[in-house]
Amino acid sequence: MPEQRRILATAIPGPLSLERQVQRKAELANGLGTTMPVFIERAGGGILVDVDGNHIIDLASGIAVTSVGASHPAVTQRIAEQAARFTHTCFLVTEYDGFVDVAAALNRLTPGEHAKKTALFSTGAEAVENAIKIARTATGRTAVVVLGHAYHGRTSLTMAMTSKNAPYKQGFGPFAPDVHRVPSPYPYRWPSGPEKAAEEAFAALEEIVTTQLGATNVAAIVVEPIQGEGGFIVPPPGYLAKVQQFAHEHGIVFVADEIQTGLARTGAMFACDHEGVVPDLITTAKALAGGMPLAAVTGRAEIMDAVAAGGLGGTYAGNPVACAAALGALEVIESEDLVGRAREIEARVRPRLEAACGPDSVVGEVRGRGAMLALEFVRPGTTEPAPEVAKAVVERCHQEGVLTLQCGTYGNVIRLLPPLVIGFDLLDEAVDVLLDAIAAVGALETQA
Ligand SMILES: *Cc1c(COP(=O)(O)O)cnc(C)c1O
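Counting in my numbering, the sequence shown runs from 2 upward without gaps.
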């Protein structure tokens, strides 16, 4: 593991990263964006080391993936051991233990005591697509209901399910049919106020499903229990339970997309657990395999079994090296109590962020759960989004060796997704840097 200390060896990006950018630009398609233009040489714990020797504090975890760090020995040793035995057979061709062991772990860890089954895939979008395939087969219906501000991926179907146009959808249509959007209960931006959001958003869903679509045509309602790319939007208490109850009454499959929120990130094993909500199907990916590509759909056995043999799968789905990594990552999540760790991170960071929020501040709201926290930037005294303020803060953090990410439909949210194993000294230092950046950029804003 690299030395767990922030080190600014050069300007960021440094000369060796800048040199590589030239070749990157020449060789790579422009459509591949990069948040922080540095090439990484080593990473682990809460630190990324770039080719110039800068030690950068990681508040991104490769977008909520490396919750156990990017080189935890429990993961890397299992990868090495599995890779030496065999790298691939294709589970559709011949079987191996890792696939079954990961499925058993997910059946055990996901919410609910009912009989569950799991299918493994490679990417999050693939898991969401397969959840829809399963729900459609199980119900004999086709319509899919999703929320405003949703993010479910970049493949054809999941792009249709994703809400934000640029950059995810612009120019990529036509989109998959029979995907329908209902309002997201976004408390901070709900027109009649946050206390009305749950009830009114649910009423809108009910109205659209029953009068426009017909409940008997709806296969699935898919929600992120905390919306990720859309801006770390925490639904108001009770909303998810209402939707679940409604789905249940109408024979609709209730799918929780926990690809970003799942596996300890929010201070519970799953974000649904905070509200006691038990989804019919749950999708996981990001943190599942400690950085290796692996995704899953887990859910009620009778729904999961609806698709006939051969209907689910993929060449690489549940790759044995990725499964070995997942068994290591899941072991660390449980044995190092990363659920508790995520809560400690929230307890440590959230009050400091909240202190930066207020009527005269560029920070309009602090929200999230566990180690999934965000700041929404606005023009002081209004709720008008201020994406350029968020961007300026992020850039200052990057220059100071702290990796932060932007998100949100309006691009005005900074999200914090530290590895759950990050040292508290590093975490505190990263928050110092972030708060200094907010103060500096905020001061410029108020002058302007
Ligand atoms: C990241 C994400 C996806 C897509 O996962 P990929 O592995 O990038 O395909 C889907 N849903 C949610 C909630 C996500 O955060």
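Note that beta-carbon positions come from the ideal geometry of N, C-alpha and C, so glycine has one too.
Values in this document were obtained by computation on a predicted structure and should not be read as measured data.
Would you mind working out which of the options sits nearest residue i, comparing C-alpha positions?
i	options	result
Glu478	Ile423, Val432, Arg21	Only positions 2 to 449 of the chain appear in this structure, which leaves residue 478 out of reach.
Asp306	Leu339, Ile135, Asn218	Ile135
Pro420	Ile41, Gly252, Ser72	Ser72
Val350	Val340, Asp53, Leu417	Leu417
Leu374	Thr285, Lys26, Ile346, Val244	Ile346
Ala217	Asp274, Glu389, His251	Note that residue 217 corresponds to Thr in the displayed sequence, not to Ala. Closest by alpha carbon: His251.
Gly384	Val414, Gly341, Gly329	The amino acid at residue 384 is misidentified as Gly; the sequence shows Thr. Of the candidates Val414, Gly341, Gly329, the one whose C-alpha sits nearest the C-alpha of Thr384 is Val414.
Ala463	Val394, Gly371, Ala327, Leu282	Shown here, the chain extends from 2 to 449; a query on residue 463 therefore has no answer.
Ala126	Asn166, Leu295, Tyr97	Leu295
Gly99	Ala330, Asp426, Ile222, Asp429	Ala330
Val1	Val183, Asp51, Thr140, Ala128	Here the chain has residues from 2 to 449 only, and residue 1 is not among them.
Val180	Glu207, Ala27, Val223, Ala205	Val223
Phe233	Ala242, Gln261, Ala104	Gln261
Leu289	Leu107, Ile439, Gly141	Leu107
Ala453	Leu428, Ala309, Pro237, Lys165	Since the first and last residues shown for the chain are 2 and 449, residue 453 lies out of range.
Val342	Leu376, Ala30, Val422	The displayed chain sequence assigns Arg, not Val, to residue 342. If we check each option's Cα against that of Arg342, Val422 comes out closest.
Gly292	Gly231, Gly70, Lys165	Gly70
Ala309	Gly231, Thr138, Thr67, Ile80	Thr138
Pro188	Thr35, Gln407, Gln228	Gln228
Tyr317	Lys243, Thr124, Gly63, Ala444	Thr124
Ala204	Ala220, Gly239, Val235	Gly239
Quick one: give me the first and last residue of the beta strand (DSSP E) that residue i is part of.
i	result
Asp59	56-59
Glu355	Where Glu355 is concerned, there is no enclosing beta strand (DSSP E), although the alpha helix (DSSP H) it sits in stretches over 339-355.
Gln407	406-408
Ala269	No beta strand (DSSP E) holds Ala269; DSSP gives it neither H nor E.
Glu332	Segment 321-336 is the alpha helix (DSSP H) holding Glu332; no beta strand (DSSP E) there.
Ile222	219-224
Val183	180-183
Val147	144-148
Val256	254-258
Span of the alpha helix (DSSP H) holding residue i?
i	result
Glu130	125-140
Met160	157-162
Leu445	425-448
Ile48	Run containing Ile48: none in the alpha helix (DSSP H); it sits in the beta strand (DSSP E), 48-51.
Phe203	195-208
Thr119	Taken as a continuous stretch (DSSP letters only), Thr119 belongs to no alpha helix (DSSP H), being part of the beta strand (DSSP E) at 117-122.
Gly63	62-65
Ala105	98-110
Thr285	Unbroken run through Thr285 is the beta strand (DSSP E), 282-285; no alpha helix (DSSP H).
Leu17	16-28
Arg79	74-86
Around the Cβ of residue i, are there at least 16 other Cβ atoms within 10 angstroms (buried) or fewer (exposed)?
i	result
Gly46	buried
Pro280	buried
Ile13	buried
Phe92	buried
Val94	exposed
Thr285	buried
His153	buried
Asn131	buried
Thr267	buried
Glu452	Residue 452 falls outside the range modelled here, since the chain spans only 2 to 449, and no answer is possible.
Ser336	exposed
Gly312	exposed
Gly409	buried
Lys165	buried
Arg79	buried
For residue i, decide whether its Cβ has a neighbour in chain B, counting only Cβ atoms nearer than 9 Å.
i	result
Leu417	Going by chain labels, chain B is absent from the structure shown, which holds only one protein chain.
Given residue i, which residues of its chain have a CB within under 6 Å of its CB, disregarding the five upstream and five downstream residues?
i	result
Leu110	Met270
Gln83	Pro321, Val322, Ala325
Asp338	none
Pro3	Arg43, Gly45, Ile48, Val50
Leu206	Val183
Glu225	Asp258
Ile439	Ala357, Val394
Short of 7 Å in beta carbon distance, which residues of its chain neighbour residue i, apart from the five on each side in sequence? Order them along the chain.
i	result
Tyr169	Arg155, Met160, Thr163
Leu49	Ile41, Ile57, Asp59, Leu404
Asp53	Ala10, Thr11, Gly15, Pro16, Leu17, Ser18
Leu436	Arg353, Ala357
Ala393	Val442
Taking 8 Å as the limit between beta carbons, can you name the residues of its chain near residue i, skipping five residues before and five after?
i	result
Ala387	Val363, Phe378, Val379, Arg380, Asn413, Glu446
Gln245	Phe255, Val278, Val279, Pro280
Ile360	A small correction: the amino acid at residue 360 is Pro; Ile does not occupy that position in the sequence shown. Cβ neighbours of Pro360 beyond the five flanking positions: Pro381, Gly382.
Asn55	Ile8, Leu9, Ala10, Thr11, Ile13, Gly15, Val39, Gly402
Gln22	Pro14, Pro38
Gly424	Gln5, Gly46, Gly47
Asp102	Cys324, Leu328
Ala128	Phe122, Ile260, Thr284, Thr285, Ala286, Ala296, Ala297, Val298
Does the stretch 397-406 touch the stretch 294-309, meaning 3 or more C-beta pairs lie closer than 8 Å?
no
Evaluate the contact criterion for the stretch 389-399 versus the stretch 365-374: three or more CB pairs, one atom per stretch, below 8 Å.
no
How about the stretch 117-124 and the stretch 190-199: do they share at least three Cβ pairs that are nearer than 8 Å?
no
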